[in-house]
Amino acid sequence: MEKKTLPEKLFLLSFKVDRTSHLILDKEACMRCPESERACLWICPSEVYKWDAEKRDIIVSYEGCLECGTCRIACPSGALEWRNPRGGFGVAYRFG
Ligand code: SF4
Ligand code: SF4
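Here it is as structure tokens:
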């Protein structure tokens, strides 16, 4: 069987997006977070977190979250409040 690449696998997912984010950042803690330690910016497989250099802020595109929980563990400051999306919302995985 042919192996799929990560982008190909991600393409198979579907999302039901809630109005509000299930990923809440403590922005003050993030502003104190040294650039070299901003794990959220490179560890997320879905690239949910992006640094906006102009606004000097982290943009959270929660709509594409895979609910893997990696960012919560990787954040060195515990600045991330991570909840499961409300029932019926979030990512839907397809297997096979
Ligand atoms: S790693 Fe944590 S504290 Fe640092 S920028 Fe990301 S969410 Fe904020
Ligand atoms: S839970 Fe996983 S996919 Fe969602 S934002 Fe965190 S690292 Fe990215």
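With my numbering applied, the sequence shown covers 25 to 120. Beta carbons: idealized from backbone N, C-alpha and C, even for Gly. This one's a predicted model, so the numbers in the text were calculated from it and none came from an experiment.
- Assigned with DSSP and collapsed to three states, Y86 falls in helix.
- In this structure, DSSP gives K33 a helical state, which the three-state scheme calls helix.
- In the structure shown, the three-state DSSP call for S60 is helix.
- The residue among R80, I67, G112, H46 with its C-alpha nearest the C-alpha of A98 is I67.
- DSSP places A103 outside any beta strand (DSSP E), giving it a letter other than H or E.
- Per DSSP, reduced to three states, the secondary structure at A116 is strand.
- Nearest C-alpha to A77 among C92, A63, E59, E71: E59.
- Contact between the segment 106-119 and the segment 49-59 is absent: fewer than three C-beta pairs spanning the two stretches fall below 8 Å.
- Non-local beta-carbon contacts of G93 in its own chain, meaning distances under 7 Å to residues more than five positions away in sequence, involve W106 in chain order.
- R118 sits away from L30, with the two beta carbons spaced by 7 Å or more.
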